[in-house]
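What follows is a set of notes on a single structure, which appears directly below.
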């Protein structure tokens, strides 16, 4: 167990807070931890009636590539520091990134993306009974440039296994869907 | 596509580099990106002859909890900036964190843990034909305090589905193993 005894914030950005925490252990020893503070995020496996999942291709600077991912995004944070409800954020992100709404929502799980250095908690959902938002436009966030595509879910899972879908939340989401869809596994 | 035109490093730690990159798009617009630079990491699904997987429980400050995870760790970086080979790092981390060696290694996949803000690339392995290192001690890294435990792989997968194993690399690793073990899925 570690207790934070000092926290030095180096930078507060739109989503990230770069900080160096000093922790004290039960034995009294002190250590520093570099932490990328994050408000949390949502990711959505959107499955249509034909068994296809919605995927978005987006430029990811850290990967220096356009990655194929499930729709996702960070929780909004209000001026008073209050975080957006993940259930609402999932609906907002799905609509913003794909122009879709879903009548049926199921929370699959919640996990840390990289618990060694960030508190980003990812809330993962399955969205079904999809419909297009008539007045919607793709990518209203001017800072995002997304391309929507659809893949039969088995092909998407295979793409993850081949390394063509290569971010953690998307792989977790697709494998989770595969487990739900394949009675033989459970 | 985005091209980095300026990179301002705020902090260089043991693993992380906090920086603010300025990028230019094809349309000439400029944007800033907060990036947590990371050398990359390895994670190991270690499966014994009885069908049990090795799990380590470790305090994770960002989660403010001791998380149950598969053995993992960052790539070492030499003074000249050269990164450790992931194949070797996987062997080193497995031995350091569990006191185990494996005669058979298989690379399962490579993925970004959180490509929105970090370039951490996770190299995932399956290790089998395990043996204990006689002279080994657990957690030689004085900065780590690990508790090793073993779970039948189906129970570990179920623990992930129940939210008891809740970090991305571990869920990906366990679900990947489940897919390999369950012919019905493929």
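Residue numbers (the numbering used here), protein chains in the order written: chain A, 10 to 195; chain B, 10 to 195. Glycine included, every Cβ here is placed at the ideal spot set by N, Cα and C. Quick caveat, the model's predicted, so the values are computed rather than measured.
Margin query: Suppose only complete runs of 4+ residues qualify. What are the alpha helix (DSSP H) ranges in the stretch 78-104 of chain B, listed by chain order?
Written below: Runs of the alpha helix (DSSP H) lying entirely within the stretch 78-104 of chain B, each at least 4 residues long, are absent.
Next item on the list: Give, in chain order, every residue of the stretch 71-96 of chain B whose Cβ lies closer than 7 angstroms to some Cβ of chain A.
Entry: 71, 72, 76
Margin query: Here's a check: name, in chain order, each residue in its chain whose Cβ is nearer than 6 angstroms to the Cβ of residue 175 of chain B, leaving out the five neighbours to either side.
Written below: Here residue 175 of chain B refers to the residue found at position 166 when the second chain is read from its first residue. Same-chain partners within the cutoff: there are none.
Next item on the list: Sort out for me which residues DSSP pairs residue 62 of chain B with in a bridge.
Entry: Locating residue 62 of chain B in the second chain gives position 53, where the first residue counts as 1. Note: residue 62 of chain B sits in a beta bridge opposite B:56, B:160.
Checklist line | Sequence-distant residues of the same chain with beta carbon closer than 6 angstroms to residue 86 of chain B, five excluded per side | finding: Counted from its first residue, the second chain places residue 86 of chain B at position 77. Cβ within range, chain order: 48, 92.
Checklist line | residue 119 of chain A: contacting residues in chain B (beta-carbon distance under 8 angstroms) | finding: By one-based count along the first chain, residue 119 of chain A stands at place 110. Neighbours of residue 119 of chain A on chain B, chain order: 172, 175.
Next item on the list: Using alpha carbons as the reference points, say which of A:22, A:103, A:159, A:98 lies closest to residue 58 of chain A.
Entry: Residue 58 of chain A sits at position 49 when you count from the first residue of the first chain. Answer by Cα proximity: A:159.
Notebook entry, point to check: How long is the line joining the alpha carbons of residue 13 of chain B and residue 189 of chain A, rounded to whole angstroms?
Noted result: For this step, residue 13 of chain B is matched to residue 4 along the second chain. For this step, residue 189 of chain A is matched to residue 180 along the first chain. Between residue 13 of chain B and residue 189 of chain A, the C-alpha separation is close to 41 angstroms.
Item checked: Bounding residues of the alpha helix (DSSP H) (the contiguous stretch that carries residue 46 of chain A) -> Translated into positions along the first chain, residue 46 of chain A becomes position 37. Taken as a continuous stretch (DSSP letters only), residue 46 of chain A belongs to no alpha helix (DSSP H), being part of the beta strand (DSSP E) at 39-46.
Check: Would the beta-carbon of residue 71 of chain B fall within 8 angstroms of that of residue 71 of chain A?
Finding: The residue you call residue 71 of chain B lines up with position 62 of the second chain. The residue you call residue 71 of chain A lines up with position 62 of the first chain. Contact: no.
Check: Which value, in whole angstroms, describes the spacing of the CA atoms of residue 35 of chain A and residue 178 of chain B?
Finding: For the purposes of this step, residue 35 of chain A is taken as residue 26 along the first chain, with counting starting at 1. For the purposes of this step, residue 178 of chain B is taken as residue 169 along the second chain, with counting starting at 1. Roughly 28 angstroms separates the two Cα atoms.
Note to self: Our contact map puts residue 111 of chain A next to residue 51 of chain A with C-beta atoms below 8 angstroms; I'd like the distance itself, whole angstroms only.
What the structure shows: Position 102 of the first chain, counted from the first residue, corresponds to residue 111 of chain A. Position 42 of the first chain, counted from the first residue, corresponds to residue 51 of chain A. With 8 angstroms as the limit, residue 111 of chain A and residue 51 of chain A do not qualify as a contact, their Cβ atoms being about 13 angstroms apart.
Check: residue 129 of chain A: which of B:73, B:118, B:142, B:155 sits nearest, CA to CA?
Finding: As a position in the first chain, residue 129 of chain A is number 120, starting the count at 1. Cα-wise, what sits closest to residue 129 of chain A is B:73.
Margin query: I believe residue 24 of chain B touches residue 83 of chain B by the beta-carbon criterion, under 8 angstroms. Please report the beta-carbon distance rounded to the nearest angstrom.
Written below: For the purposes of this step, residue 24 of chain B is identified with residue 15 of the second chain, where counting begins at 1. For the purposes of this step, residue 83 of chain B is identified with residue 74 of the second chain, where counting begins at 1. Rounded, the Cβ-Cβ distance is 5 angstroms, consistent with contact.
Note to self: Let me make sure I understand the geometry here. Which of A:62, A:11, A:56 has the alpha-carbon closest to that of residue 37 of chain A?
What the structure shows: Along the first chain, read from residue 1 onward, the residue named residue 37 of chain A stands at position 28. Nearest of A:62, A:11, A:56 to residue 37 of chain A, Cα basis: A:11.
Next item on the list: Throw me the rounded Cβ distance for the residue 15 of chain B and residue 65 of chain B pair, which I believe falls under 8 angstroms.
Entry: What you label residue 15 of chain B is simply residue 6 of the second chain in a count that begins at 1. What you label residue 65 of chain B is simply residue 56 of the second chain in a count that begins at 1. Not quite, the Cβ-Cβ distance comes to about 40 angstroms (not below 8 angstroms), so this is no contact.
Margin query: At the 8 angstroms Cβ level, is residue 135 of chain B part of the contact set with chain A, yes or no?
Written below: Locating residue 135 of chain B in the second chain gives position 126, counting from the first residue. No, residue 135 of chain B does not count as interfacial toward chain A.
Check: Does the distance from the CB of residue 135 of chain A to the CB of residue 186 of chain A come in under 8 angstroms?
Finding: Counting from one through the first chain, the residue named residue 135 of chain A turns up at place 126. Counting from one through the first chain, the residue named residue 186 of chain A turns up at place 177. Yes, the Cβ-Cβ distance between residue 135 of chain A and residue 186 of chain A is below 8 angstroms.
Note to self: If you follow the alpha helix (DSSP H) that residue 184 of chain B is in, where does it begin and where does it stop?
What the structure shows: Counted from its first residue, the second chain places residue 184 of chain B at position 175. Segment 177-190, the alpha helix (DSSP H) holding residue 184 of chain B.
Notebook entry, point to check: Excluding five sequence neighbours on each side, which residues of the same chain lie with their C-beta closer than 6 angstroms to the C-beta of residue 75 of chain B?
Noted result: Position 66 of the second chain, counting from 1, holds the residue named residue 75 of chain B. Taken in chain order, the residues that qualify are 66, 68.
Check: chain B partners of residue 124 of chain A, CB-CB under 8 angstroms?
Finding: On the first chain, residue 124 of chain A is found 115 positions in, with the first residue counted as 1. Within chain B, the residues near residue 124 of chain A are 69, 71, 72, 76, 78, 176.
Notebook entry, point to check: Is residue 31 of chain B helix, strand or coil when you go by DSSP?
Noted result: Here residue 31 of chain B refers to the residue found at position 22 when the second chain is read from its first residue. Looking at residue 31 of chain B - three-state DSSP - the assignment turns out to be strand.
Checklist line | Residue nearest to residue 139 of chain B in terms of C-alpha spacing, selected from B:20, B:168, B:180, B:104 | finding: Stepping through the second chain from its first residue, residue 139 of chain B is reached at position 130. Taking only the C-alpha atoms, the option nearest residue 139 of chain B is B:104.
Check: Going by alpha carbons, who is nearest to residue 191 of chain B out of B:168, B:180, B:137, B:162?
Finding: As a working note, residue 191 of chain B is residue 182 in the second chain. Residue B:162 is the option with its Cα nearest to residue 191 of chain B.
Checklist line | Environment of residue 145 of chain B [buried if 16+ CB atoms lie within 10 Å] | finding: Locating residue 145 of chain B in the second chain gives position 136, where the first residue counts as 1. Its pLDDT being 49, under 50, residue 145 of chain B is placed unreliably in this model, and the coordinates cannot settle the point.
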